[in-house]
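Residue numbers (numbering that gives the first Met the number 0): 0 to 137. The beta carbon of each residue, even a glycine, is placed where N, CA and C say it ideally should be.
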Amino acid sequence: MGGLSALAQTGADKLPLAPVHSAIRVGERSMLPHLVLLAQRVGHVVVQALADREAVRPGETVHLAVSLKMDEDWHVYWRSPGGTGLPTEIRWTTPQGYKAGRTEFPVPELKYDKILKEDSFILEGTALFLTPVQVPAS
């Protein structure tokens with residue numbers, strides 16, 4: 000069975016999440032990687048993936064999160080960036096039968112760029128992106 004992985008993309012920067020070696024357990028069998036990863040720095044962003052539990056049962060939903068912690072005076076753009084920037088995207092690769100839902104984004108800040116004279120929707124500090132993943136019934 001394949002594993003679960005995520006790719007966070009903030010503009011042109013791709014922030015891959017490293018594979019995980021422990022596992023979320025379904026009953027007695029190991030089915031999914033346990034996503035409590037060590038933080039990884041990519042440029043001005045520290046990226047980490049998390050899960051809301053260590054074990055899942057067939058048919059239930061597990062909530063997975065990607066945390067992006069930006070350096071001071073640094074930001075990423077929201078899913079609808081506004082006048083400038085490229086949207087942040089979170090893409091999950093799941094094992095067969097698992098279904099990743101729509102990723103929820105935190106509320107952005109509106110930032111006006113005086114030089115470009117445009118508004119943008121940005122995320123600063125630490126942003127947490129939450130995705131429900133439906134576990135197959137069998």
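Using a Cβ distance threshold of 8 Å, Glu103 and Leu67 do not count as a contacting pair.
Unbroken beta strand (DSSP E) stretches of 3 residues or longer found wholly inside the segment 93-126: 108-112, 117-123, given in chain order. Checking the DSSP bridge columns, you'll see Val134 has no partner listed.
Inter-residue distance for Tyr76 and Gln95 is about 31 Å (C-alpha atoms, whole angstroms). DSSP lists Gln47, Leu127 as the beta-bridge partner residues of Ser66.
If you check the CB distance, Leu127 and Pro105 come in under 8 Å. Separation of the CB atoms of Ser119 and Lys110 is rounded to 5 Å, and the pair is thereby assigned contact status at 8 Å. Assignment of Trp73 by DSSP, reduced to helix, strand and coil, places it in the coil class. Per DSSP, Arg56 is not a residue of any beta strand (DSSP E), being assigned neither H nor E.
At the C-beta level, Pro131 and Thr60 come within 8 Å of one another. Distance check between Glu117 and each of Ala54, Pro80, Asp72 places Pro80 closest, using alpha-carbon atoms only. Contact check for Thr83 against Leu122 fails: the beta carbons are separated by 8 Å or more.
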